[in-house]
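Q: There's a structure below that I have some questions on.
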Amino acid sequence: DDEVPAVSENSLTDLDRALIATAKVSAEAAATHLDGVAPHRALDAIWELVGAANHYVDTTTPWKLAKGESPEDTARLAVVSYTVLEALRWLAVMLWPYMPDKCDDLLAQLGLPPVAPTEGTSAWPSTWGELPAGTQTAPAGALFPRLDDAAQTEILTRLGVAEGEGAKAKPKQAANAKKAAPSGDAAKKKSGPVPVKETVTYEDFTKLDFRLGLVLEAEKLEKSRKLLRLTVDVGEDKPRNVMAGISQHYEPEALIGKRVVVVLNLAPRKIMGMVSEGMVLAASDDSALSVLTIDGELPPGSQVS
């Protein structure tokens, strides 16, 4: 059934109420930043709700509830479905100033008209539950479908990029490595393999908690030549602050949107006056460094092993 379900206030759990509270804080903060002509800060606030909603879906597992046969599973699925749909409505309205066409497409899938600022369900969200029960949704596939090789080639051609150039594009560190690459006899003096460190037990290794993290922000530190401050969504209520010594190999903007591997349970450490709440993994040698990234659409907070 593609109708928006009806739910009652007393059917909500603490988990549902936590997402609703995050949505209200996010909307209020984003509105304040937009009024102050700080759209980048508004996006930060909106992304708090994106992360919380992703975490909510991971935790409530609606795909499992849909397979359940008990009345409790059916009732719970209705609450979870409504909560997710209402969160999407809030996000569509809040993100509309940044990508109006896509947000209108999302609203259409929710069975709602395009945004008409300040009117009805298009007004800046402040009251949870304004998505009418019984609304007929219209699922129409992914808003951001993955591009196959042919589609990527077509886009690159339209942009005037030579065939194969896009696929061969390398991060900043690759260019730096090429400049520094030795030639002739110097190349023959390449150092041997890095010695293996002291063996650890399997039990010690399993104490480390590796998670997928989505980089939301990245910025250079003025007083450091090496450090970048990363804001990383790891599937928790709030993103984490992670310091990474990679600024000589990456421009900050090149990292935004990357899915990286984070060591989540390292003890917090103060670096350059700021607390780092994890570590981003990278591979390196004497001339280059490459941050470990993960393909696909797994949500932030997914375990890496």
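Residue numbering for the sequence shown is -15 to 289, as defined by our numbering. Backbone N, C-alpha and C fix where the C-beta goes; we use that ideal spot for every residue, glycine too.
1. To the nearest angstrom, how far is it from the Cα of Asp28 to the Cα of Lys51?
2. When we look at the beta-carbon of Thr185 and count the other beta-carbons within 10 Å, is it buried (16 or more) or exposed?
3. Is it right to say Pro55 is buried, meaning 16 or more other beta carbons lie within 10 angstroms of its own, or is it exposed?
4. Is the beta carbon of Asp217 sitting closer than 9 angstroms to the one on Trp31?
5. Apply the 10 Å Cβ neighbour rule to Ser260 and answer buried if 16 or more other Cβ atoms are within range, or exposed otherwise.
6. So for Phe128, helix, strand or coil by DSSP?
7. When you compare only the Cα positions, how much space is there between Lys222 and Thr16?
8. In terms of DSSP beta bridges, what is Asp217 paired with?
9. Out of Asp193, Asp85, Val199, which one is the CA nearest neighbour of Val247?
10. If you count every other CB in all the chains shown that lies within 10 Å of the CB of Ala171, and 16 or more means buried, which is it?
11. Are there three or more Cβ pairs, one per stretch, closer than 8 angstroms when the region 36 to 47 is compared with the region 227 to 239?
12. Is the separation between the beta-carbon of Val264 and that of Val245 shorter than 9 angstroms?
13. With respect to the beta strand (DSSP E) encompassing Asn225, which residues constitute its N-terminal and C-terminal limits?
14. Taking the DSSP output, what are the residues bridged to Ala267?
15. Quick check on Glu(-13): does DSSP put it in helix, strand or coil?
16. Along the beta strand (DSSP E) that carries Val246, what are the first and last residues, could you check?
17. Please list the terminal residues of the continuous beta strand (DSSP E) segment that includes Ser10.
18. Which of helix, strand or coil does DSSP assign to Ser231?
19. Using the DSSP secondary-structure output, state which residues sit across from Arg253 in a beta bridge.
20. For Lys210, which residues of its own chain have a beta-carbon under 7 angstroms away from its beta-carbon, when the five flanking residues on both sides are left out?
21. Taking the Cβ atom as the reference point for each residue, do Pro101 and Ala92 lie within a distance shorter than 9 angstroms?
22. Quick one: Cα of Leu90 to Cα of Val68, how far?
23. When you compare only the Cα positions, how much space is there between Leu140 and Leu131?
24. Leaving out five residues before and five after Ser286 in sequence, what residues of the same chain have Cβ atoms less than 6 angstroms from its Cβ?
25. Alpha carbon to alpha carbon, how far is Lys181 from Ser65? Give it in angstroms, no decimals.
26. Which whole-angstrom value describes the C-beta separation of Lys204 and Pro236, a residue pair presumed to lie in contact below a C-beta threshold of 8 angstroms?
27. So the candidates are Leu127, Ser10, Val21; which of them puts its Cα closest to the Cα of Pro109?
28. Can you tell me whether Leu212 is helix, strand or coil according to DSSP?
A: Reading it off the structure:
1. 35 angstroms
2. exposed
3. exposed
4. yes
5. buried
6. coil
7. 19 angstroms
8. Leu198
9. Asp193
10. Interpretation of Ala171 is limited by its pLDDT of 43, a score under 50 that renders its predicted location unreliable; no figure is taken from the coordinates.
11. no
12. yes
13. 224 to 228
14. Ser274
15. It is a strand residue.
16. 243 to 247
17. Counting along the chain, Ser10 falls outside any beta strand (DSSP E), though it belongs to the alpha helix (DSSP H) covering -2 to 19.
18. Under the three-state reduction of DSSP output, Ser231 falls in the coil class, being neither helix nor strand.
19. Ser260
20. Gly229, Ser231, Gln232
21. no
22. Between Leu90 and Val68, the C-alpha separation is close to 13 angstroms.
23. 12 angstroms
24. For Ser286, where only same-chain residues beyond five positions count, the Cβ hits under 6 angstroms are Leu196.
25. 49 angstroms
26. 6 angstroms
27. That would be Ser10, whose Cα lies nearest to the Cα of Pro109.
28. In the structure shown, Leu212 sits in a strand (DSSP, three-state: E or B).
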